[in-house]
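Shown next, in structure tokens, is the structure this report addresses.
Protein chains: 4
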Amino acid sequence: MSAPLGVAVLGTAFMGRAHSSAWRNVGAVFHDVPAVAMRALVGSDPGRTRAAADALGWADASTDWRSVVERDDIDIVDVCTPGHLHAEMAIAALEAGKHVLVEKPLALDQAEAERMVAAAEHASGLAMLGFNYRRVPALALARALIAEGRIGAVRSIRAAYLQDWLVDPDAPMTWRLRAETAGSGALGDLGSHVIDQVRALTGDEVVGVRGALRTFQRERPGPTGPERVSVDDAAWALLDLAGGATASLDVSRVAAGRKNALELEVHGTDGAIGFGLERFNELTVTEGRDGWPARVLVTEAHHPLLEGWWPPGHVLGWDSTFTAQAAELLRAIAAGVQPEPSFADGLAVQRVLDAVARSDAAGGARIELGQTDPGHTDRAETTR
Amino acid sequence: MSAPLGVAVLGTAFMGRAHSSAWRNVGAVFHDVPAVAMRALVGSDPGRTRAAADALGWADASTDWRSVVERDDIDIVDVCTPGHLHAEMAIAALEAGKHVLVEKPLALDQAEAERMVAAAEHASGLAMLGFNYRRVPALALARALIAEGRIGAVRSIRAAYLQDWLVDPDAPMTWRLRAETAGSGALGDLGSHVIDQVRALTGDEVVGVRGALRTFQRERPGPTGPERVSVDDAAWALLDLAGGATASLDVSRVAAGRKNALELEVHGTDGAIGFGLERFNELTVTEGRDGWPARVLVTEAHHPLLEGWWPPGHVLGWDSTFTAQAAELLRAIAAGVQPEPSFADGLAVQRVLDAVARSDAAGGARIELGQTDPGHTDRAETTR
Amino acid sequence: MSAPLGVAVLGTAFMGRAHSSAWRNVGAVFHDVPAVAMRALVGSDPGRTRAAADALGWADASTDWRSVVERDDIDIVDVCTPGHLHAEMAIAALEAGKHVLVEKPLALDQAEAERMVAAAEHASGLAMLGFNYRRVPALALARALIAEGRIGAVRSIRAAYLQDWLVDPDAPMTWRLRAETAGSGALGDLGSHVIDQVRALTGDEVVGVRGALRTFQRERPGPTGPERVSVDDAAWALLDLAGGATASLDVSRVAAGRKNALELEVHGTDGAIGFGLERFNELTVTEGRDGWPARVLVTEAHHPLLEGWWPPGHVLGWDSTFTAQAAELLRAIAAGVQPEPSFADGLAVQRVLDAVARSDAAGGARIELGQTDPGHTDRAETTR
Amino acid sequence: MSAPLGVAVLGTAFMGRAHSSAWRNVGAVFHDVPAVAMRALVGSDPGRTRAAADALGWADASTDWRSVVERDDIDIVDVCTPGHLHAEMAIAALEAGKHVLVEKPLALDQAEAERMVAAAEHASGLAMLGFNYRRVPALALARALIAEGRIGAVRSIRAAYLQDWLVDPDAPMTWRLRAETAGSGALGDLGSHVIDQVRALTGDEVVGVRGALRTFQRERPGPTGPERVSVDDAAWALLDLAGGATASLDVSRVAAGRKNALELEVHGTDGAIGFGLERFNELTVTEGRDGWPARVLVTEAHHPLLEGWWPPGHVLGWDSTFTAQAAELLRAIAAGVQPEPSFADGLAVQRVLDAVARSDAAGGARIELGQTDPGHTDRAETTR
């Protein structure tokens, strides 16, 4: 048995905690992955970083990400900081020869994203993007079924991602509601997941985009008075895919009663598939033109990503996606292949996000996206 | 008790049967409506019309709609013929001084629809359009709850109407798939219902439209070989409403596994409402910003339209909407008021349908609709 | 075409209205049945009976059931009066040579039920019992699928019928809560439907019974003060069937949030079936040992009982069961065969109800039921 | 900060893995618990135990449970071995002064269980039983709502636990299907969870039991030919609770289409609650006599057990129950109070299981259970 791969996580907030959970558990769940050593957690406050490292299982705590990135005993740098820091940290880690996992979004703008893709292309280490919903077993099963042709050719996808946390007009102003810090609102935050899924499920690139953005609540209370909201509360888009399918997308952070409702309905020439994230372990599968929707509980040993968990009927939670994501990276390192999704996948998603905004600015007119392949990966083994 | 109102139905097919059911049952269900006499059924084939009249409960059978429309003992003419005949028959009946009910769509094009609205304005009889889904008790409850402010101001509506009857590429060519006979495809057939509901639920007119149409199956088998499909299989639209809400609309006749899935999700500033036509008797209601979706079985005596039916828990079927629609017309006649929906409602819907097609032709760009009030009615008592 | 069959309904309340709806509509829905003439409605109050007859479509109104039963132009007597009148009326009608339909329950006690069965055996007319849930299309489909062996041999049935109308401790005393007028409470009212379904779905008789009754609310307000409730609020039973299956039954009129929840889950050696009455048009079907539950919308033309109604996706309501029940009787008259269910089916159900009460009185011990075939009918064509 | 508590897990199979996950994660999720050190994993095979220890995060691996139990640096012994070993191991660990957690079932028979309760009463360490479903957040919320009186007084519980793994008649013989090794079949395996929930949700003891057992498949294939199954495939029971409620219980391992369906419906005088384990993160709550069932996604920070996990809408999986269970034990150790559930809770459940079997043997007659309080704990803080 070779030496374990040393891991460092940059970031101690929500995503830092979720990724720490993945590194702590990946070896216990998946038996075919290289061993890891949780070497360092990086945060901004020394005391709180040390406490977090103790709680989350890290050997060292640091506030100096650059020195950590250059440590010889660190093989994997996992970037969980706010989006505007992704490019600098990821590029530095790649230049230091590390394998890099970056939490989504890849970057705040397309130029930065392109620099990151370029850095990844020239790096000795592998670069992976953290669209964790690719590791929802039900969505991985959906993708596998579609790839096998079980619902025929995909004609249309009806997709939404609805949350309710901004329903209240008095919900306070935050950096997430300013264009300069967040890029966009519901579109980037929620739409990026949907667009990634549309690409992953069909295996196709988006070639045409129509979009619309709405901000229902133009002002929100700041510490010293009302402040102007400069991002969207809700967004709609219609995406034409290279393979001929059309996807509609409806995302909102002002949808009362919906907590985390990523919903997808895929219609093919010979069946359909439905999914809702709040029912994480279920997939609805309609096979054949006259078929009826069957509710599959995606917990069988032969279902994708399930091989390392529990017996049938024992449901998984949201955090399991991060564990499976870590396993994907570890297997890719062991095999010396590109993990999925790549930085190029992140760039492809950002091009679509940008096009939605441009279409909205142009009154909804269709924006063509170049057919240049942004490097969409399609490794059969990822949906085992 | 005064003499019963004489009724004639024009048309013996699916809609003729559904409307006959309404006239046969309306007096038994609703006790506050004038009595009716089922005088004449009009069809094209003498023998089959006679047989249908016997089975459906009509005294006379006729193949001459003009003579029936002029009979003195006919008070109500109910037009259930194919759409291209609506204008001629309805205008003739109005000119003969009759009350007229026209099954949707009002007409095949906007010019015809405008002539019908004009005829209705100058007629002594009342004119009503058969958007029967206004009489789904759950949708009537939704409308009442929204009108009462129970979910606050409506911000967005996510709507779809999905069917599967054209999934099969070998489904044969019919008049419904040719632009010259059907006007449009899924858009007019299914979208019209959705647009009417969006208007009814919000009480607002559509002021801006973005749309897209798709025909997935360009050819279908005809009797002598492949024929060209000239209407849409699926359509999408984004509707801006005068009150500030935005509605997204996704309609398809190629959605495997969906039989008759009109689905609506209305998000307000203080709650949400959900409905699916395949679960006709249920409404999902989320009250308050922190509320949870409650499943209401809409069969209580105090629910809208329920007063004449059965005790709580005894579900209604699709045909009940026609019975309640007939009751609306009869009550309007008794009260001398305009029934709802009006021909003007039909015209308003058609303007939106046209705008969707024009937006699609213009690459998705937003079409402005004039703010001229097309006569949207808003009688509080209709949602009792 | 022969003369129509003359029909009289005895009873003008809830069931009289429901059965009137059936006679009014049966010819319009089902095209293979003899024509009927709605001749007479019988009630107790002359004025109200006349008004009801007018509203419901009856030619004559009468308060003298005996004279109506003897009219030469009456061929079918449909008994919808309270249960304690069933035996006298049904036997008189059979002795007058009429075909008889009796609303459930057949009678209040086993002795009466046995006299009715004897009268039916010696009559020239046909005798049918009104367990209308045999005409729920989804339940008819369930029965057909089980008969075809689609779920293998039935091992167990988990059944419930839950309502909420007695949850309130202040719900007033009525005749339904006294043993002398109602026989039993939830057991007879709700349990009888479940037991009939268990027999119909399996095609087997009940051979062993364990039961328990509970009255949670011992007193309820009467007009002059609290009165004693002498029937059960809830009942449980475990039924052993001749074919080897076991059915559990849980019925209650104090189940908050449940309006009319007849629920059935049938487990076989090779699949399972689920149904809930509040979702009248749906059946859940699991085929095979590894199958997943598929939600079937039971509105296709090839589904049982659907041939006369509407196109796929257009749901039926509760009242459709009475229309289909009337069609079954009319077809049986035309064919000269026993309609289903028979009076003997009613007697078989009552034997089980009695056994549940006896088991409860004996502390839950198992009661054996004789294997004498009570005449369970099993006409393949009834589940078309 | 004091020294961490040393933990040893005995057992490396399914439950050993689940409990290891709990110890590995408890400190990262819950911030108010004492730190733990994962000191030793005990198995039967040296090589496989060492490999499991490495994968699961244990410092030492051992095949000698007695020496581990006596180590000074072990404070908590967590018994995850097969049931027939529980008594010996737990008693030894208690006698060595350790805190003990025993996976359910407590023991195979009542005599053993009583010895374990006695040992726990005299021990210096704390003793806890692993009914992990007490840590399903939705069930903890149900318990809290009932305790607050939100559905009034509980009248009835309709409960089931349905699985499908024995549907296939050719599923092979195992130790789980022999009375001498497994005690009972579905009754003990699944019924024990249901009975524990019935007690926990009501806070009441079972005082009367009626039961029935069925073995549908009497023989199953063994290595050398058919062998006799000596435990139940399915069981039913009716439980009378001290507080006046009645619970029905329906458990089966031959229910096609049901993977892990623990289902509970609790009806009170003023509302109802519903739960299904396959939808782990949902609770259905009906408040008031006229209320409608609302679907609560139990992922809010204020919901029980949720304080340490993820933001609202991010669902938990089955394994989270073990993490929360470990936290309960750690908090109890820190506070010096009895954790819940206790060994006495396990004994109480076993008394009910025994009574079900005795009732079945007696033809279903009701068995009275003594009112001696078996030590049911009711710590308000456990459902935080």
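Heads up: the protein sequence lines correspond to chains A, B, C and D, in order.
Residue numbers 7 to 390, in the numbering used here, belong to the letters of the first sequence in order.
Residue numbers 7 to 390, in the numbering used here, belong to the letters of the second sequence in order.
Residue numbers 7 to 390, in the numbering used here, belong to the letters of the third sequence in order.
Residue numbers 7 to 390, in the numbering used here, belong to the letters of the fourth sequence in order.
Ideal placement from N, C-alpha and C gives every residue a C-beta, glycine not left out.
Note that the structure is a prediction, hence the values are computed from the model and not measured.
Spatial distance of residue i from residue j (CA atoms)
i              : j              : result
A34 (chain C)  : D60 (chain B)  : 8 Å
V13 (chain A)  : Q356 (chain A) : 28 Å
D70 (chain C)  : L91 (chain C)  : 14 Å
L11 (chain A)  : N287 (chain D) : 35 Å
H326 (chain A) : P347 (chain A) : Correcting the residue type first, residue 326 (chain A) is Ser in the shown sequence and not His. Going from the Cα of S326 (chain A) to the Cα of P347 (chain A) covers about 17 Å.
A300 (chain B) : E293 (chain D) : 11 Å
A153 (chain D) : K265 (chain A) : 26 Å
V142 (chain D) : R285 (chain D) : 11 Å
E120 (chain A) : H128 (chain A) : 13 Å
G282 (chain D) : A148 (chain D) : 12 Å
Under 8 Å by beta carbon: chain C residues contacting residue i
i              : result
F302 (chain A) : Note that residue 302 (chain A) is Val in the sequence shown here, rather than Phe. The contacting residues are W298.
R156 (chain B) : Ordered by position in chain C, no residue passes the 8 Å Cβ test against R156 (chain B), which lies about 20 Å from the chain.
Distance between beta carbons of residue j and residue i, contact taken as under 8 Å
i              : j              : result
V184 (chain D) : V237 (chain D) : Per the sequence shown, residue 184 (chain D) should be read as Arg rather than Val. With a Cβ gap of about 7 Å, R184 (chain D) and V237 (chain D) count as contacting.
V362 (chain A) : A243 (chain A) : 5 Å
G352 (chain D) : V257 (chain D) : No, G352 (chain D) and V257 (chain D) are not in contact; Cβ-Cβ is about 18 Å, not under 8 Å.
A206 (chain C) : R161 (chain C) : At roughly 17 Å, the Cβ-Cβ gap does not stay under 8 Å, so A206 (chain C) and R161 (chain C) are not in contact.
A333 (chain B) : V32 (chain B)  : 5 Å
L135 (chain B) : K104 (chain B) : In fact, because the Cβ distance is near 15 Å, the residues do not count as touching under 8 Å.
Residue i and residue j closer than 8 Å at C-beta
i              : j              : result
H320 (chain B) : W171 (chain C) : no
G63 (chain D)  : R30 (chain D)  : yes
F349 (chain A) : A133 (chain A) : yes
S26 (chain A)  : V15 (chain A)  : yes
D246 (chain B) : V213 (chain B) : yes
A165 (chain A) : V204 (chain A) : yes
E273 (chain A) : A262 (chain B) : One point to set straight first is that residue 273 (chain A) is His, not Glu, in the sequence displayed. Cβ atoms of H273 (chain A) and A262 (chain B): closer than 8 Å.
G280 (chain D) : A241 (chain D) : no
R45 (chain C)  : I80 (chain C)  : yes
Y167 (chain D) : V200 (chain D) : yes
A163 (chain C) : L270 (chain C) : The residue you asked about is not Ala; residue 163 (chain C) is Ile in the sequence shown. Yes, the pair counts as a contact, with Cβ atoms nearer than the cut-off.
A330 (chain C) : L311 (chain C) : yes
Residues that residue i contacts on chain A, provided the C-beta gap is smaller than 8 Å
i              : result
K265 (chain D) : L303, T305, P318, G319
G274 (chain B) : A262
Q169 (chain D) : G319
Chain B contact residues for residue i, given Cβ-Cβ distances below 8 Å
i              : result
L244 (chain A) : A218, W242, G370
P175 (chain A) : T275
A34 (chain C)  : R23, S26, S27, R30, A61, L62, G63
Under 9 Å by beta carbon: chain A residues contacting residue i
i             : result
A43 (chain D) : Under the 9 Å cutoff, chain A gives no residues; its nearest Cβ is about 12 Å from A43 (chain D).
Per-residue contacts from residue i into chain B (C-beta, under 7 Å)
i              : result
F286 (chain C) : V321
R164 (chain A) : A166, D256
Cross-chain neighbours of residue i in chain A, by beta carbon under 7 Å
i              : result
F222 (chain B) : R161
Proximal residues of chain C, C-beta to C-beta of residue i below 9 Å
i             : result
F20 (chain B) : W316, P317
Residue i beta carbon near the ligand ADP (any heavy atom closer than 7 Å)
i             : result
A93 (chain B) : Inclusion of the ligand ADP in the displayed structure is not the case, the ligand content being empty and no account of it being possible.
Segments of 4+ residues assigned as alpha helix (DSSP H) that fall wholly inside the region 124-185 of chain B: 143-153
Quick one: complete beta strand (DSSP E) runs, 3+ long, within the region 11-90 of chain D? 11-16, 42-48, 66-68, 82-85
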